[in-house]
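Numbering (this note's numbering), first residue to last: 7 to 166.
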């Protein structure tokens, strides 16, 4: 997953900028440009964005995601902003391609991810196989580590 940034225009007017840190960390999402919104609304927006991305088959970046919402975007309403933010995260993380002209439509986000308007670069089967290979490698590494640990304990028992 590449790290980067992108700027999208909602219906050619409102601007959303998304940037993702290059350093892997716990996934987090922060917003700027949300004057006058309550914390409850921001928490709901984060949950809707994450849910839509997962349901559409995208990965949540293991990094700090910063989203700046220009004041001109507020005219579209928070649900349209959420959809543009989710699209921006998929594009900035390298999982989807930038739409023509960097323009996205002002549609309300759907939790099933159907409104994102594009598919992941890798399909779900390919991603599932990648995840399975990673799990099997981690399991093999764990088993290798356990074998070395057992021989260390056997050696200590013999010394006694």
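Glycine included, C-beta positions come from ideal geometry on N, C-alpha and C. Remember, it's a predicted structure, so these values are computed and weren't measured experimentally.
Checklist entry - What do you reckon, is the C-beta of residue 87 under 6 Å from a heavy atom of the ligand NAP? => result This structure does not include the ligand NAP; it has no bound ligands of any sort.
Checklist entry - Is residue 82 helix, strand or coil when you go by DSSP? => result helix
Item to check | residue 69 and residue 117 closer than 7 Å at C-beta | outcome: no
Item to check | Euclidean distance between Cα positions of residue 90 and residue 48 | outcome: 15 Å
Checklist entry - In whole angstroms, what is the alpha-carbon distance linking residue 120 and residue 24? => result 20 Å
Checklist entry - If we ignore side chains and look at the alpha-carbon of each, how far apart do residue 86 and residue 112 end up? => result 5 Å
Next on the checklist: Considering only their Cβ atoms, is the gap separating residue 72 from residue 36 smaller than 7 Å?
Outcome noted: yes
Checklist entry - Given a threshold of 16 other Cβ atoms within 10 Å of its Cβ, counted over all protein chains shown, does residue 19 qualify as buried or as exposed? => result exposed
Next on the checklist: Measuring straight from C-alpha to C-alpha, what distance separates residue 82 and residue 29?
Outcome noted: 32 Å
Item to check | Start-end ranges of the beta strand (DSSP E) lying completely within the segment 39-117, minimum 3 residues | outcome: 70-75
Item to check | Residue(s) in a DSSP beta bridge with residue 12 | outcome: 24
Next on the checklist: With a threshold of 7 Å on Cβ separation, who are the neighbours of residue 92 within its own chain once the five nearest residues in sequence on each side are excluded?
Outcome noted: 55, 58, 59, 115 and 122
Item to check | CA-to-CA distance, residue 149 to residue 97, given in whole angstroms | outcome: 37 Å
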